[in-house]
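The block underneath contains the structure these notes are about, expressed in structure tokens.
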């Protein structure tokens, strides 16, 4: 907050942080926003409302696939699996409890969705691309084909294998 006040505009703050920490400036600015979002979701009834929405559109059998799809879609727009999970875990796990879905499997389905998202957004590969002097468009065609092949496989497997596990763990 003090940084915002001292720099007077978000753009000036962003440029100052970028100049001071060029390798990690995006992460430094990103994580306080995740903390704020997590605080809003957990301190209001929003977490319960989102959990009830998940329960309303799924069953114990379909919930892992829905979680994987949800995680993949959000992972494209918010490419930060760990921080994203901190924000989303309260309502995802609340819905899993309500539907009586194996909790470990829900986390695995969530992670698989996040992995699918990584195939269609290049954020995670930027350091490697820089190392090999490539651009995202040099590899995105290949990763997109892998994405198209893996989406139905992942959704089928999280549904079938999830049915073999019993609640609560």
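Residue numbers (our numbering): 106 to 274.
Heads up, the beta-carbon is just placed ideally off N, CA and C, and yes, glycines get one too.
Review point. Relative to the C-alpha of residue 299, which residue among 181, 259 and 175 is closest?
Key: Shown here, the chain extends from 106 to 274; a query on residue 299 therefore has no answer.
Point to revise | Euclidean distance between Cα positions of residue 250 and residue 204 | key: 34 Å
Review point. Within the chosen definition, does the segment 211 to 224 reach the segment 134 to 150 through at least 3 CB pairs nearer than 8 Å?
Key: no
Exercise for review: Using the Cα positions of residue 151 and residue 145, report the straight-line distance between them to the nearest angstrom.
Suggested key: 8 Å
Point to revise | Span separating the alpha-carbon of residue 123 from that of residue 170 | key: 39 Å
Point to revise | Euclidean distance between Cα positions of residue 109 and residue 184 | key: 24 Å
Exercise for review: Return helix, strand or coil for residue 109, following the three-state DSSP convention.
Suggested key: helix
Check your understanding: Quick one: what's got a C-beta closer than 8 Å to residue 162's C-beta in the same chain, skipping five residues either side?
Key -> 171
**Study point:** For residue 206 and residue 272, believed in contact at Cβ under 8 Å, the rounded distance
**Key:** 6 Å
Review point. Between residue 191 and residue 214, what straight-line distance do the alpha-carbon atoms span, to the nearest angstrom?
Key: 16 Å
Review point. Would residue 217 pass as a contact of residue 259 if the rule is Cβ separation under 8 Å?
Key: yes
Practice item. Could you work out which residue in 157, 188, 238 and 229 is closest to residue 198 when comparing CA atoms only? Key: 157
Point to revise | When 168, 118 and 232 are compared against residue 212, the one with the closest alpha-carbon | key: 168
Review point. So is residue 196 buried or exposed if we call it buried at 16+ other beta carbons inside 10 Å?
Key: buried
Review point. Given residue 252, which residues of its chain have a CB within under 8 Å of its CB, disregarding the five upstream and five downstream residues?
Key: 221, 224 and 225
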